[in-house]
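Below: the structure, in structure tokens.
There are 2 protein chains.
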Amino acid sequence: MTERLYLYDTTLRDGQQTQGVQFSLTEKQQIATALDSLGVDYIEGGWPGANPTDSDFFAAAPKTRATFTAFGMTKRAGRSAENDEVLAGVMNAGTPAVCLVGKSHDFHVTTALGIELDENVENIRASVAHLVAQGREALYDAEHFFDGYKANPDYALKCLKAAFDAGARWIVLCDTNGGTLPHEVHQITKAVIAAGLPGDHLGIHTHDDTGNAVACSLAAIDAGARQVQGTLNGLGERCGNANLTTLIPVLLLKEPYASQFETGVKRDALQGLTRISRKLDDILNRVPNKASPFVGSSAFAHKAGLHASAILKDPTTYEHIPPETVGNARIVPMSNQAGQSNLRARLADAGIDVAPDDPRLGDILNRVKEREDQGYAYDSAQASFELVARDVLGQLPRFFEVKRYKVTIERRKNKRNQTVSLSEAIVVVKIGDEKKLSVSESMDASGTDRGPVNALAKALAKDLGPYQDIIDDLHLVDFKVRITQGGTEAQTRVIIDSEDRDGHRWSTVGVSPNIVDASFQALLDAITWKLLRDGAKPA
Amino acid sequence: MTERLYLYDTTLRDGQQTQGVQFSLTEKQQIATALDSLGVDYIEGGWPGANPTDSDFFAAAPKTRATFTAFGMTKRAGRSAENDEVLAGVMNAGTPAVCLVGKSHDFHVTTALGIELDENVENIRASVAHLVAQGREALYDAEHFFDGYKANPDYALKCLKAAFDAGARWIVLCDTNGGTLPHEVHQITKAVIAAGLPGDHLGIHTHDDTGNAVACSLAAIDAGARQVQGTLNGLGERCGNANLTTLIPVLLLKEPYASQFETGVKRDALQGLTRISRKLDDILNRVPNKASPFVGSSAFAHKAGLHASAILKDPTTYEHIPPETVGNARIVPMSNQAGQSNLRARLADAGIDVAPDDPRLGDILNRVKEREDQGYAYDSAQASFELVARDVLGQLPRFFEVKRYKVTIERRKNKRNQTVSLSEAIVVVKIGDEKKLSVSESMDASGTDRGPVNALAKALAKDLGPYQDIIDDLHLVDFKVRITQGGTEAQTRVIIDSEDRDGHRWSTVGVSPNIVDASFQALLDAITWKLLRDGAKPA
Chain A
1 MTERLYLYDT TLRDGQQTQG VQFSLTEKQQ IATALDSLGV DYIEGGWPGA
51 NPTDSDFFAA APKTRATFTA FGMTKRAGRS AENDEVLAGV MNAGTPAVCL
101 VGKSHDFHVT TALGIELDEN VENIRASVAH LVAQGREALY DAEHFFDGYK
151 ANPDYALKCL KAAFDAGARW IVLCDTNGGT LPHEVHQITK AVIAAGLPGD
201 HLGIHTHDDT GNAVACSLAA IDAGARQVQG TLNGLGERCG NANLTTLIPV
251 LLLKEPYASQ FETGVKRDAL QGLTRISRKL DDILNRVPNK ASPFVGSSAF
301 AHKAGLHASA ILKDPTTYEH IPPETVGNAR IVPMSNQAGQ SNLRARLADA
351 GIDVAPDDPR LGDILNRVKE REDQGYAYDS AQASFELVAR DVLGQLPRFF
401 EVKRYKVTIE RRKNKRNQTV SLSEAIVVVK IGDEKKLSVS ESMDASGTDR
451 GPVNALAKAL AKDLGPYQDI IDDLHLVDFK VRITQGGTEA QTRVIIDSED
501 RDGHRWSTVG VSPNIVDASF QALLDAITWK LLRDGAKPA
Chain B
1 MTERLYLYDT TLRDGQQTQG VQFSLTEKQQ IATALDSLGV DYIEGGWPGA
51 NPTDSDFFAA APKTRATFTA FGMTKRAGRS AENDEVLAGV MNAGTPAVCL
101 VGKSHDFHVT TALGIELDEN VENIRASVAH LVAQGREALY DAEHFFDGYK
151 ANPDYALKCL KAAFDAGARW IVLCDTNGGT LPHEVHQITK AVIAAGLPGD
201 HLGIHTHDDT GNAVACSLAA IDAGARQVQG TLNGLGERCG NANLTTLIPV
251 LLLKEPYASQ FETGVKRDAL QGLTRISRKL DDILNRVPNK ASPFVGSSAF
301 AHKAGLHASA ILKDPTTYEH IPPETVGNAR IVPMSNQAGQ SNLRARLADA
351 GIDVAPDDPR LGDILNRVKE REDQGYAYDS AQASFELVAR DVLGQLPRFF
401 EVKRYKVTIE RRKNKRNQTV SLSEAIVVVK IGDEKKLSVS ESMDASGTDR
451 GPVNALAKAL AKDLGPYQDI IDDLHLVDFK VRITQGGTEA QTRVIIDSED
501 RDGHRWSTVG VSPNIVDASF QALLDAITWK LLRDGAKPA
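Read top to bottom, the protein sequences are chains A and B. With the UniProt record's numbering as the guide, the letters of the first sequence map in order to residues 1 to 539. With the UniProt record's numbering as the guide, the letters of the second sequence map in order to residues 1 to 539.
So, in structure tokens, the structure goes:
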């Protein structure tokens, strides 16, 4: 008989505390959808009322299978739960579950809040009772619980019991400062259960300040806690929260957890884990951590010669799990064999059929690797990948040739001493025997300079003669820039998402130390791919 | 009475298995020196004979206080230890200690080596006996020990005993594939000790494939092991080794370890930890991981408004250790999450003192929020934040004015039909009454076009008259681009990290729909901030 273990995601709330991370409304919606497809049990969306983005997000709440949860804090002293406007802001979001953080460490009650210990207990009780009376599932985040327990176990337990007796579904033991070690989490969680709080009402919330967030979460589960909180890619305040991208595969694949528990995330959904992890990095424009457990691009890379040769005999010699279980892939530098089955699958996606023993498969793989060494990334730029493959296979028509381009960016003060800027692009292409010269500037309808890439895109698409009908409806929907390598050797990678009027989307990539030139390459690929897809005939 | 716990560093050997890492001879020497200044007990230098760099490094062995160690493998079957040329290559390095990896998992003996189980035991015995006869301190790395113990405990223990009885000073339990969880490491290490191998002869070597490398190391120490292996910044094969940059402060600062153990690293040396961690990233040209426990730049960053206000009352409210203990620093970033208490703390960091009731605090906060709505991000760009604050406070001197700039990017085919590109920038500044016109192009020494931002940066810094001395040593070390908002309304955010010859670093931000103009703003802030910091007098 398996037991139920609940996964609680706080990427959208505690994850937003990561330095440098500021989600937009659209990003929050995308992330919530990805989390829901994975299957986590709870999605904490943010703190309604605390900032405009969080309020807007709850107002346009996505439909999720997961229990959608609003975060807030227990009512303040000196007013009733009903009359606390911060708490009212949280309740107004109308979520089925509400998680309120409150104190459980005596030092924080007296130092940070400056109120009496009993007042705090009453604030907890009244707040939770208010949630329950309003028909919400109530969660109580016991902030600094482990430090509080070490300082004053009776008081810390009293806070938990106030929440539990008032009807909280979950009491979450939080190691807010992240300094507690796994053996302490284990002992203290056991003590909490021994004091009468049932394990299937206890959650664990850890941070990675000692590199032990995952281990502390497991230690609490070992002791009996049945809800675990964390974030995708371990985002979060300071060193981050427990990384769900690590914890989830540990819980689903490793014993004793795999046999003992059932969670909202099913074994099959694990295959989407690497993709979801990379998607989050894409949204945040962060460079994915290669060394991430399970989902990092190096997680199954076998560099040591001894390892690589044994892997060829039997992958279990140097792999703790099969990489495909989590949607990742083995990398054996110096061995092209590993990649060919992946490659054929991707070619099939592009409608290109190549026999398994075709030697050109190796040629394509070499070309892709060579370009990836230069900074190209084909994981998301499927359209550019297809162009590379067709080029190697001799299936890429030459629609037109760009002879040259020139872009000028100017900024100056005008006569009224206002700063004005303008970009201008000239593109010369040859179609068949005909040479065409186009010029565009970057000003949009509102008079704003939208920059050199905009001017270049407009000039390039302005007059492509016989192809004009096909590319007229093409427009840029996203543009991502990443610097690969550091310092003076910096290369710029640009990924462009394009869309046509039928809503088809495709992604292309360009790389150069010159950001405008990298963008130009990606634009060129975007146009070429559309001509190819729509069956344009070379002039 | 404290016990001795030994720290064994393998950055130069297992750390070199990191994907993308390849140390040069000089880099190995720099890292060995840094490790020795920290105080680790053993430095494993590499595998002499395996590659030219490792051989050269041992030939020019640095003098270290730490026990310098060569790595190799147990002799192969069918020859004596004396006649194994791989082992001879390792011995020839002449190090006081030698660590040999060998099998202890029956499956690997038969599958990877293809020899009899007893042959392997004899190889271990004879190899260790050979080291001891030659007067070396012998270490035996029991590869795949935990998996081997789970599969066949008798055989795994037999391998360990062969090494121990032959005189090995240390038997190192290796979780080579990184899949073992902390509770298993704890149980199995206890079982090894119960089987007669003394804990003060046992080492632990873990990998981070489940995010538990640090926890597994602690679990082995808890069970009685007295040597712990790891790498700086957690470098290593796949997901990396146990991170010594995390483990060392845990062992020195956290109980029960701090009271129980003495190591080669002393409390005072910990203050050098952050510097050593960053130095390694510098050597490898890697972007430091902000979220690294203890040494990451975000490890003591307090972004949540509630945290920041409590930190001002007492830093222990939200910090598990004082950041200066490990040579790190507290950061209270500014963002739209934060309120006035964050703001005052950040102003204080910049040396700006504003009274709590000063209405200009509200003005600064409004300006910051307004600019964040436009796409600016100040939580990493502290230097730009400081300029905004000083501007509101009327404390920003006007050093010079940029009248205009013009950047040209051209790509064309040359006479040999090669594609060539070049960028050129003209900048016109006014300093006092003097107008200065500078021009630069983007070509670097190797003839590569490094793009428009490079040309602009060079032109801007080319001739700033009276300020030239101050900005001469300024150079760009990192450049990050992010598109905020999507589609046609896209804004580009550029963050630039600059450095001077004293190693000071500062970050600035620029935002515009025009990527070149966003970069220009960030460059301008970088120069202005340095002029301000170095006390330049406005012309």
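We put the CB at the ideal spot given by N, CA and C, even for glycine.
Which of helix, strand or coil does DSSP assign to residue i?
i                            : result
glycine 535 of chain A       : coil
leucine 399 of chain A       : As written in the sequence, residue 399 of chain A is phenylalanine, which differs from the leucine given in the question. Three-state result, phenylalanine 399 of chain A: coil.
lysine 63 of chain B         : coil
isoleucine 221 of chain A    : helix
leucine 241 of chain B       : Per the sequence shown, residue 241 of chain B should be read as asparagine rather than leucine. Looking at asparagine 241 of chain B - three-state DSSP - the assignment turns out to be strand.
isoleucine 276 of chain A    : helix
arginine 346 of chain A      : helix
glutamine 491 of chain B     : strand
lysine 28 of chain A         : helix
methionine 1 of chain A      : coil
tryptophan 529 of chain A    : helix
phenylalanine 300 of chain A : coil
Using a C-beta cutoff of 7 Å, does residue i count as contacting chain B?
i                         : result
arginine 411 of chain A   : yes
threonine 408 of chain A  : yes
glutamine 521 of chain A  : no
asparagine 152 of chain A : no
glutamine 19 of chain A   : yes
lysine 303 of chain A     : yes
asparagine 414 of chain A : no
threonine 317 of chain A  : yes
glycine 179 of chain A    : yes
asparagine 92 of chain A  : no
isoleucine 211 of chain A : Correcting the residue identity first, residue 211 of chain A is glycine in this sequence and not isoleucine. At least one chain B Cβ lies under 7 Å of glycine 211 of chain A.
isoleucine 193 of chain A : no
isoleucine 515 of chain A : yes
glycine 351 of chain A    : no
threonine 508 of chain A  : no
aspartate 502 of chain A  : no
histidine 320 of chain A  : yes
Please work out which residues of its chain come closer than 8 Å, Cβ to Cβ, to residue i, disregarding the five sequence neighbours upstream and downstream, and give them in chain order.
i                      : result
residue 540 of chain A : Not covered by the structure: residue 540 of chain A. The range shown for chain A is 1 to 539.
lysine 413 of chain A  : Thr419, Val420
Should residue i be flagged as near chain A, meaning a C-beta pair shorter than 7 Å?
i                         : result
alanine 405 of chain B    : In the sequence on display, residue 405 of chain B carries tyrosine and not alanine. Answer yes: the Cβ-Cβ gap between tyrosine 405 of chain B and chain A drops below 7 Å somewhere.
threonine 111 of chain B  : yes
alanine 133 of chain B    : no
valine 388 of chain B     : no
valine 185 of chain B     : no
glycine 89 of chain B     : no
asparagine 336 of chain B : Confidence at asparagine 336 of chain B is low in this model, with a pLDDT of 48, below 50, so its placement is unreliable and the value that follows should be read with caution. Chain A contact via Cβ: present.
By Cβ distance below 6 Å, which residues in the same chain neighbour residue i in space, the five residues on each side in sequence not counted?
i                       : result
arginine 482 of chain A : Arg493
Please identify, using Cβ separations under 9 Å, the residues of the region 467 to 485 of chain A that lie next to chain B, in order along the chain.
Those would be His475, Leu476, Val477, Asp478, Phe479, Lys480, Val481, Arg482, Ile483, Gln485, in chain order.
Mind listing which residues of the region 275 to 301 of chain B have their C-beta closer than 9 Å to chain A's C-betas, in chain order?
Of all residues in the region 275 to 301 of chain B, Asn285, Arg286, Val287, Asn289, Lys290, Ala291, Ser292, Pro293, Phe294, Gly296, Ser297, Ser298, Ala299, Phe300, Ala301 have a Cβ within less than 9 Å of some Cβ in chain A.
Under 8 Å (Cβ pairs) to chain A, residues found in the region 160 to 175 of chain B:
Look at the region 160 to 175 of chain B: it has no residue with a C-beta under 8 Å from a C-beta of chain A.
I want to know whether the region 108 to 115 of chain B touches the region 53 to 69 of chain B - three or more CB-CB distances under 8 Å.
The region 108 to 115 of chain B is not in contact with the region 53 to 69 of chain B.
Are three or more beta carbon pairs between the region 282 to 300 of chain A and the region 73 to 80 of chain A nearer than 8 Å?
The answer is no - the region 73 to 80 of chain A does not touch the region 282 to 300 of chain A, with fewer than three Cβ pairs under 8 Å.
Please determine if the region 134 to 142 of chain B and the region 182 to 196 of chain B are in contact, where contact requires at least 3 C-beta pairs separated by less than 8 Å.
Taking a contact to require three or more Cβ pairs closer than 8 Å, the region 134 to 142 of chain B and the region 182 to 196 of chain B do not qualify as touching.
Residues of the region 440 to 470 of chain B in Cβ contact with chain A at a cutoff of 8 Å, in chain order, please.
Within the region 440 to 470 of chain B, contact with chain A at the beta-carbon level (separation under 8 Å) is assigned to Ser442, Asp444, Thr448, Asp449, Arg450, Gly451, Pro452, Val453, Asn454.
I want to know whether the region 520 to 528 of chain A touches the region 19 to 30 of chain B - three or more CB-CB distances under 8 Å.
Using a C-beta cut-off of 8 Å, the region 520 to 528 of chain A makes no contact with the region 19 to 30 of chain B, since fewer than three inter-stretch Cβ pairs fall below that distance.
Taking a cut of 7 Å between CB atoms, which residues from the region 421 to 439 of chain B lie near chain A?
For the region 421 to 439 of chain B, residues whose beta-carbon sits nearer than 7 Å to a beta-carbon of chain A comprise Ser421, Ser423.
Quick one: which residues of the region 58 to 71 of chain B get their C-beta closer than 8 Å to a C-beta of chain A? List them in chain order.
Residues: none.
Going along the chain, which residues of the region 245 to 267 of chain B sit with their C-beta nearer than 7 Å to a C-beta in chain A?
Result list: Thr246, Val250, Lys254.
For the 8 Å Cβ check, are there 3 or more pairs between the region 318 to 330 of chain B and the region 356 to 373 of chain B?
The region 318 to 330 of chain B is not in contact with the region 356 to 373 of chain B.
Would you say the region 167 to 178 of chain B touches the region 198 to 205 of chain B, given that touching needs at least three Cβ pairs under 8 Å?
Touching, per the Cβ criterion.
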